[in-house]
Structures are given as structure tokens and as C-alpha cells.
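Asks:
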Amino acid sequence: MNKPFFPHTAHSACPHDCPSTCALDIEVLAADRIGRVRGAEENSYTAGVICAKVARYAERLHHPGRLLKPMRRLGAKGEGAWGEISWEDALDLVAERFVAAEQRHGAEAVWPYFYAGTMGLVQRDGINRLRHAKRYSGQFDSICTNMAWTGWVAGAGTLRGSDPREMASSDCIVIWGTNAVATQVNVMTHAVRARKERGARIVAIDIYDNATMRQADMALKLRPGTDGALACAAMHVAFRDGHADRDYLATYTDDPAGLEAHLASRDPAWAAGITGLSVDEIEAFARLVGTTPRTFFRLGYGFTRQRNGAPAMHAALSLPAVLGSWRHEGGGAFHSNSDIFRLDKSEIMGALDRDPGVRHLDQSRLGPVLTNEPDALFGGPPVTAMLVQNTNPANVCPEQRKVRAGLMRDDLFVCVHEQFMTDTAKLADLVLPATMFPEHDDIYRGGGQNHILLGPKVVEPPETVRTNHFVVEELAKRLGVADRPGFGRTERELIDAMLLTSGRGTLAELEAGRWIDCQPDFADAHFLNGFAWTDGKFRFKPDWAGMAAPNRPPPSMGLQGPHDRLGGFPDHLAVIEETDAEHPFRLATSPARQFLNSTFAETKGSRTREGRPEAMIHVEDAERLGIAEGDVVALGNARGSVRLHAKVTDVAKPGVVIHEGLWANGDFLDGEGINVLTGADPVAPFGGAAFHDNKVWMRREG
Ligand code: SF4
Numbered sequence: 000m001n002k003p004f005f006p007h008t009a010h011s012a013c014p015h016d017c018p019s020t021c022a023l024d025i026e027v028l029a030a031d032r033i034g035r036v037r038g039a040e041e042n043s044y045t046a047g048v049i050c051a052k053v054a055r056y057a058e059r060l061h062h063p064g065r066l067l068k069p070m071r072r073l074g075a076k077g078e079g080a081w082g083e084i085s086w087e088d089a090l091d092l093v094a095e096r097f098v099a100a101e102q103r104h105g106a107e108a109v110w111p112y113f114y115a116g117t118m119g120l121v122q123r124d125g126i127n128r129l130r131h132a133k134r135y136s137g138q139f140d141s142i143c144t145n146m147a148w149t150g151w152v153a154g155a156g157t158l159r160g161s162d163p164r165e166m167a168s169s170d171c172i173v174i175w176g177t178n179a180v181a182t183q184v185n186v187m188t189h190a191v192r193a194r195k196e197r198g199a200r201i202v203a204i205d206i207y208d209n210a211t212m213r214q215a216d217m218a219l220k221l222r223p224g225t226d227g228a229l230a231c232a233a234m235h236v237a238f239r240d241g242h243a244d245r246d247y248l249a250t251y252t253d254d255p256a257g258l259e260a261h262l263a264s265r266d267p268a269w270a271a272g273i274t275g276l277s278v279d280e281i282e283a284f285a286r287l288v289g290t291t292p293r294t295f296f297r298l299g300y301g302f303t304r305q306r307n308g309a310p311a312m313h314a315a316l317s318l319p320a321v322l323g324s325w326r327h328e329g330g331g332a333f334h335s336n337s338d339i340f341r342l343d344k345s346e347i348m349g350a351l352d353r354d355p356g357v358r359h360l361d362q363s364r365l366g367p368v369l370t371n372e373p374d375a376l377f378g379g380p381p382v383t384a385m386l387v388q389n390t391n392p393a394n395v396c397p398e399q400r401k402v403r404a405g406l407m408r409d410d411l412f413v414c415v416h417e418q419f420m421t422d423t424a425k426l427a428d429l430v431l432p433a434t435m436f437p438e439h440d441d442i443y444r445g446g447g448q449n450h451i452l453l454g455p456k457v458v459e460p461p462e463t464v465r466t467n468h469f470v471v472e473e474l475a476k477r478l479g480v481a482d483r484p485g486f487g488r489t490e491r492e493l494i495d496a497m498l499l500t501s502g503r504g505t506l507a508e509l510e511a512g513r514w515i516d517c518q519p520d521f522a523d524a525h526f527l528n529g530f531a532w533t534d535g536k537f538r539f540k541p542d543w544a545g546m547a548a549p550n551r552p553p554p555s556m557g558l559q560g561p562h563d564r565l566g567g568f569p570d571h572l573a574v575i576e577e578t579d580a581e582h583p584f585r586l587a588t589s590p591a592r593q594f595l596n597s598t599f600a601e602t603k604g605s606r607t608r609e610g611r612p613e614a615m616i617h618v619e620d621a622e623r624l625g626i627a628e629g630d631v632v633a634l635g636n637a638r639g640s641v642r643l644h645a646k647v648t649d650v651a652k653p654g655v656v657i658h659e660g661l662w663a664n665g666d667f668l669d670g671e672g673i674n675v676l677t678g679a680d681p682v683a684p685f686g687g688a689a690f691h692d693n694k695v696w697m698r699r700e701g
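Here the sequence shown stands for residues 0 to 701, where the numbers follow numbering that gives the first Met the number 0.
#1: I think Val387 touches Val415, with their Cβ atoms under 8 Å apart; what is that distance to the nearest whole Å?
#2: Within 10 angstroms of its Cβ, does His439 collect 16 or more other Cβ (buried), or is it exposed?
#3: Check the Cβ-Cβ distances between Ala314 and every residue of chain D, and say whether any is below 8 Å.
#4: Indicate, with yes or no, if ligand 1 has a heavy atom lying under 7 Å from the CB of Val186.
#5: If we call anything under 8 Å between Cβ atoms a contact, is Phe4 one with Ala29?
#6: Say yes only if the C-beta of His15 is nearer than 7 Å to one or more non-hydrogen atoms of ligand 1, and no if none qualify.
#7: Can you give me the Cβ contacts of Pro267 inside the same chain, cut-off strictly under 8 Å, excluding the 5 residues immediately before and after it?
#8: With DSSP collapsed to three states, give me the class of Leu527.
#9: Could you tell me which residues DSSP pairs with Gln388 in its beta bridges?
#10: Check whether the stretch 84-100 touches the stretch 384-399, counting contact only when three or more Cβ pairs, one atom from each stretch, lie closer than 8 Å.
#11: Does the distance between the C-beta of Gln183 and the nearest non-hydrogen atom of ligand 1 fall short of 7 Å?
#12: Could you give the distance in angstroms between the alpha-carbon of Phe539 and the alpha-carbon of Lys133?
#13: My output table needs one value for Arg72: the three-state DSSP class, helix, strand or coil.
#14: I'd like to confirm the pairing. Which residues does DSSP put opposite Ser11 in its beta bridges?
#15: Report the three-state DSSP secondary structure of Gln183 (helix, strand or coil).
#16: Which residue from Gly330, Asp240, Pro681, Tyr44 puts its Cα closest to that of Arg364?
#17: Using the Cβ count rule (16 or more neighbours within 10 Å means buried), how would you classify Arg304?
#18: So Met234 is in the beta strand (DSSP E); what residue range does that whole segment cover?
#19: Between the beta-carbon of Val121 and the beta-carbon of His468, is there less than 8 Å?
#20: Using DSSP with H/G/I as helix, E/B as strand and the rest coil, what is Val357?
#21: Would you give the residue range spanned by the beta strand (DSSP E) that Ile204 belongs to?
#22: Using 8 Å as the threshold, is the stretch 181-192 in touch with the stretch 589-596, meaning 3 or more CB pairs across them?
#23: Can you pull the DSSP bridge partners for Asn693?
#24: Three-state secondary structure (DSSP) at Met0?
#25: Given this structure, state the Cα-to-Cα distance separating Glu508 from Tyr443, to the nearest angstrom.
#26: What does Pro569 pair with, by DSSP beta-bridge criteria?
#27: Which value, in whole angstroms, describes the spacing of the CA atoms of Thr250 and Phe530?
#28: For Val720, is the beta carbon positioned less than 7 Å from some heavy atom of ligand 1?
#29: Can you tell me which of Ala547, His571, Arg128, Thr607 puts its alpha carbon nearest to the alpha carbon of Gly224?
What follows is the structure, given as C-alpha cells:
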């Protein structure tokens, strides 16, 4: 093999929890050092553009505060006293504590807990191999996609849509409930191209004037949790003004006459009262999308993080069906391509060992689980041992006080395998240092686009850090399951086998090609061969309780939340946390541009640009409460309270407070983060966390 020369450019993919999954070119300066990270020009979705936080990834990879040694807790939990421990001893300790937990309460007392700190299929999902082989408690993955995916699938039957690159051929792009400038920059790349080349109009729908709203030609600022009402009024206008595509409706939808009759009373005046938009704004939006055949609805996650998120997504998705936008190139809708990749992860996940009888626990309800609330434990034993990879629940999970109280339990052993001393790692018994994506092999799917991408190891990790894969494999050996299917293979072997089994070629081919474009053809992507139901018809009237969906909880958990409130045609479902006399404000916890969930909250570049944790308070509310710019304010509700600084602004509607994060808990004035205020009650019908749906009180503290 040729000796590598430096500097050179290596190819990779962004591993972060972002729909864009950008193809990357990484400048490699030395065997263990990277320089600038750029977007791959040749990738038709990335198109050479990535976000600033990943462009300066060297800052994160070579961060002086990175975890480099396994450490064992010395003092009390959370006290911060640590002693070094060897990798061998650390892994022996985890195995010993897992065995002890199993002997005392059964295997379900152990809960491997993970999420999307990396989206790599090997390093993220391999923990499930250990889970299934040992019959440890299952994880119901509810924290991110549940409402959005459920709402989409309720109408379309599957998770795919118009090719996201088609935005460049649109005459109107509706960016609904996603701050694309901050959270998926490539949407803007394609939308702005359409504006430049075709004079396309960009419409943004959101709850505050974020960076995407500021770039839009039409910005609709509505109250949180009211998107379903806007969609209904736009459909009302389409029927009223002759913009509904009646031929399309007759061929492709289940009950257009029923829908039209239902919407008769959902006019713009009705929606204005709910959304806070003016009748003129709603009419203008409805007219624009109703008279622009090539309208592309880019539906995001943000507006679904409400207790009515699933029906809101379904209502928004119903609009292009009424307009027949799907017929046209540059038209239709897109949310996620998660169903197009068809990668068989069975071996990585150890699916052959999966026992459907094993208890599942809700990832979003970590607080109630760890504080032993009976309904959260589903009749099983308490959780007394955990391995945490790729997530920082002490910061990102709702009902943070319960999460902390649970993690502080003396009878709970927690091993956190991490890159930094996160809020969760601080409360652990054992902390193991983990590799970052340029230091290990993995494979990625672009949920917000159409490629499978390879992310090979491009630099050597520090000598003392280990991959997630290594930890899973080593624990399997110590726990006596290393002979089970999927174990004993390298990352590259697992990737190669998965590609072959899935009919996606080989690792060598992917390495040569860098990515695989999985985009279905136009007719399939636009559902011109029918939607993914046996009769091929879009569902205006979903069978919420009976439908299959990617996020449906296992039968042992049943339907979630107030599911009996769902039913019938698209509507505004009033199940959100409405304000009341004690809690006159609605709080949304929106993503900051320089952070990604809790990742990047440790890098100087991101922290400097973001400033400090702030509550954005409308100028009228501030005046009434005597709050000035920079004052300390407290926000609170029944779950707790946090103190942070005020930013007086008119970006949201009066009565709405925005906090952009996620900042580390320690960055707040009292050491508790914003998720103290968010609820872990499951959202109907298939669970999820309503991060932007909180009623709070607010007062000036100084
Ligand atoms: S835009 Fe998203 S996928 Fe692209 S580099 Fe940034 S975080 Fe990664």
C-alpha cells in the first residue's frame, strides 16, 4: 500500500442528526489531524455546501477538552471526582455490573440506551446486537421522528416523496416548520437556486422570524401548534376558488367529497382566530399555492413537535393532494426518504436474537423510567444498569429533573461512552472515551435526500479512545454472547455484508463511487403509480389506530397519548398545552444554528457565535412584565423552572417565548437546562416528545 502523503483530501459523510447527511471532503493534514471540511461539489444534493459548524470540525476533533481516558467515578454521583481506569478493567466492570443486575432482577433490568449522536448504521445501531443477544430491555425510539413520520405515513402510506433536488425546478417552495438555514442548509441551496434561475417564490411557515423566515418572499408567522388550521383553510380556499384538482382528487384520493364538506366551515377567518395570522395572509398563501402548479412542500420536523404534531403533518400533506401538486415536476411534497434505501440491518442489529416478548421502554420517558413510575416500567423490573452511547439524555430528554433524579440513584450503574464530558457523563459511574466520525468506518443514509454514503476512517484516533463497535464487541465477549449472529466482524465486513444482502452492491463499489443514488423514478416519487395503500389512494381520513407505521410502538406498549381524540378529516386538534391564567406563555425550544441537539455546545466557535442561553420575549410581554434586554428571567411550570437572560424582540407573536439550544445544563444560571420545562407525556397516537409545546409562567428575577 502506498504511504499516504499530506495534506490530502479524504471523502466522508456527515454523521450528525441532520436530514442533509452531507457528502464531505476532509482535508487531512497528518495521520491524526484534519483541517477544513467542505461539502462535496459532485454530490448532487450536497452541491458543495455544508453548514459552518461542520466546516470547522477540526475544532471539535482536536478539542482540548475531549475525553481521552476511561474514568471511574470516585466520589458521590455527579460530584466530579474521577480516577483513571484501564480499558480492560473498565469493560470488565461493565460486564460485572450487568451480570449482577441480571442476576438480581432479570435481564430486563439492563437497558442499553442510545440515539443519533452518530447516524452511522454500524456505530449507532450495533448496541442493539448486544441488547437482543442478552434479552436486555428494548428501546422504543420516540424522541425525534414519531409525530412527523406518523402524520406523513397516515396520508401517503410510506416515507418518500418528490426528489428534494426538484426544488430547483419549482416555482414556489413552501418550507414548512423547519429552519432550514440552521438545520438543513441544502434545502436553501436548492430553493435559492430556483429563485435565482426561475424566479420561484420561497414561502416559510414558522412560529418565529428565524433565519429561514428572513430569507423568504412570504413569511407566515403563526402560533405554535396551529399548523393544521392553516392547512385546512388553504384547502378550503382551494375548493372554494376552483384551485382544487378534481380529476386528481377523483383518481388519487380516498374521499374528496367528504373532505370538501368537512372543510366548508374551516375558512380563513376560522383559521385566523386559531393561528394568529390575518385573513389576508391566509388568502394570499392559499392563492399562491393554488395558482402555482409547481409548488414543492418541504415539510419539516419542527411543527410536529407538538401534542397535535401527527395530525398537523397529515393536514399539511393533504394540501398538495388537494391541489394535485404531485403531478408536476418541481411539485409535490417531501419530508423524509427513509423508506427508499432498503438496507437490511439485521446483522448489525442482531435481529435473529430479537425476542418480541422482551419489555420495551420509551426513550423519551427516561425520567419516569428511572424514577420507577409504574406505567413507565410496563410491569417489568426497575432499570439498574445502563450503557449509554450517542446521546446525552441528562440534557436532551424531557422532564430533566426526573432524568437527573433517576441517574443519581445509588442502585443504578451507568456507563457512558462519549466524546465529551456531557451532562449525562457527569452523572455516570464509568465514562469511556469514544471516537468521532473521521476516526472510524461507517455507512449513512440521507433521510432528507436520496443517497447512501460511505464514511470511512480517514485519520487515526487518539490511542486511548475506542469505537462504539469495539465496546459492543468486547462486552459481548465478556457477557458470553460473542458467538451470536453479527458479532466477530469488523465494521467494514458488516457494511459489505449489509450492502450485498440489500442488493446495493459491495463495499468496494461504494468506496469507488462514494455514494449510491437511491432516488425512485419520477412516477414512484410523485405517487403517480398510487400511494402506498392497497387501493393506491391518499388517505384524507386515516385509520390512526389501525395503520402500520415506522414508529408504531410494539403491541406491549399499545397506543400512546390521547389517541381517541384523533379521527376524521384534517383539522386543528386542540390537544396542545394551551395557556391558562397561571401559565400565560407558550414556550418553544428551537434549534440554534451553531448547535445540533447538544452536540457542538462544547466548541468555542459555536459557543461564541451563539452567545448565551436566552429567552426571546416579545416586546409587549416584556413591557408588561417590566423585563428589559439582558435581565434575568425565570420560566416555569409544574415540571420546574429555569433562569436565563432575556432577549426582548418581536420575532415571535406576543405570548410566545422562544429558546434556541441546546445549551449544556451548566450554561444556565442554576445549572439546569431548558428541558426541565418540557413534558415526557407521550403524544398520540404513537408516542413522541412535544418539545415545542409547553405552557409556562415567566417573571423578572433581576
Ligand atoms: S448541514 Fe447537516 S448534514 Fe450537512 S454538514 Fe451540517 S450538520 Fe452535517
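Even glycine gets a Cβ: it sits at the ideal position worked out from N, Cα and C.
Replies: This is what the structure gives:
#1: Position 388 of the sequence shown, counted from the start, is the residue given in the question as residue 387. Position 416 of the sequence shown, counted from the start, is the residue given in the question as residue 415. At roughly 5 Å, the Cβ-Cβ gap stays under 8 Å, so Val387 and Val415 are in contact.
#2: Mapped onto the sequence shown, residue 439 falls at position 440. It counts as buried.
#3: Any reference to chain D falls outside this structure, which holds one protein chain only.
#4: Your numbering for residue 186 matches position 187 in the sequence shown. The answer is no for Val186.
#5: On the sequence shown, position 5 is the one that residue 4 refers to. On the sequence shown, position 30 is the one that residue 29 refers to. Taking 8 Å as the Cβ cut-off, Phe4 and Ala29 do not qualify as a contacting pair.
#6: If you number the sequence shown from 1, residue 15 lands on position 16. Under cutoff, so the answer is yes.
#7: Within the sequence shown, numbered from 1, the residue matching residue 267 stands at position 268. When the five nearest sequence neighbours on each side are left out, the beta carbons in the same chain lying within less than 8 Å of the beta carbon of Pro267 are those of Ala232, His235, Val236, Val278, Ile281, Glu282, Ala285, in order along the chain.
#8: Here residue 527 is taken as the residue at index 528 of the sequence shown, counted from 1. Coil.
#9: Looking up residue 388 in the sequence shown gives position 389. Partner(s): Phe113, His416.
#10: yes
#11: Looking up residue 183 in the sequence shown gives position 184. Yes, the beta carbon of Gln183 sits closer than 7 Å to at least one heavy atom of ligand 1.
#12: Here the question's residue 539 lines up with position 540 in the sequence shown. Here the question's residue 133 lines up with position 134 in the sequence shown. Distance between the alpha carbons of Phe539 and Lys133 is about 43 Å.
#13: What you label residue 72 is simply residue 73 of the sequence shown in a count that begins at 1. Three-state DSSP puts Arg72 in a strand.
#14: As a working mapping, residue 11 is identified with position 12 in the sequence shown. Ser11 is bridged to Leu23.
#15: Numbered from 1 along the sequence shown, position 184 holds the residue referred to as residue 183. Correct three-state label for Gln183: coil.
#16: Position 365 of the sequence shown, counted from the start, is the residue given in the question as residue 364. By alpha-carbon distance to Arg364, the top candidate from Gly330, Asp240, Pro681, Tyr44 is Pro681.
#17: Position 305 of the sequence shown, counted from the first residue, corresponds to residue 304. Buried: at least 16 other Cβ atoms inside 10 Å.
#18: Locating residue 234 in the sequence shown gives position 235, where the first residue counts as 1. Here Met234 belongs to no beta strand (DSSP E); instead the alpha helix (DSSP H) covers 226-239.
#19: Counting from one through the sequence shown, the residue named residue 121 turns up at place 122. Counting from one through the sequence shown, the residue named residue 468 turns up at place 469. Yes. Within cutoff.
#20: Numbered from its first residue, the sequence shown carries residue 357 at position 358. It is coil, neither helix nor strand.
#21: Along the sequence shown, one-based indexing puts residue 204 at 205. It spans 200-205 - the beta strand (DSSP E) in which Ile204 sits, taken as one unbroken run.
#22: Under the 8 Å Cβ criterion, the stretch 181-192 counts as touching the stretch 589-596, having at least three qualifying pairs.
#23: The residue you call residue 693 lines up with position 694 of the sequence shown. According to DSSP, Asn693 shares a beta bridge with Leu586.
#24: Translated into positions along the sequence shown, residue 0 becomes position 1. Residue confidence for Met0 is low, a pLDDT of 49 falling below 50, so the modelled location carries little weight and cannot support an answer.
#25: Reading the sequence shown from its first residue, position 509 is the one you call residue 508. Reading the sequence shown from its first residue, position 444 is the one you call residue 443. Near 15 Å, if we compare the C-alpha coordinates of Tyr443 and Glu508.
#26: Along the sequence shown, one-based indexing puts residue 569 at 570. Beta-bridge pairing links Pro569 to no other residue.
#27: Working through the sequence shown from its first residue, we reach residue 250 at position 251. Working through the sequence shown from its first residue, we reach residue 530 at position 531. Answer to the nearest angstrom: the Cα atoms are 11 Å apart.
#28: One cannot answer for residue 720 here, as it falls past the ends of the chain, which runs 0 to 701.
#29: Residue numbering aside, residue 224 sits at position 225 when the sequence shown is read from its first letter. Of the candidates Ala547, His571, Arg128, Thr607, the one whose C-alpha sits nearest the C-alpha of Gly224 is His571.
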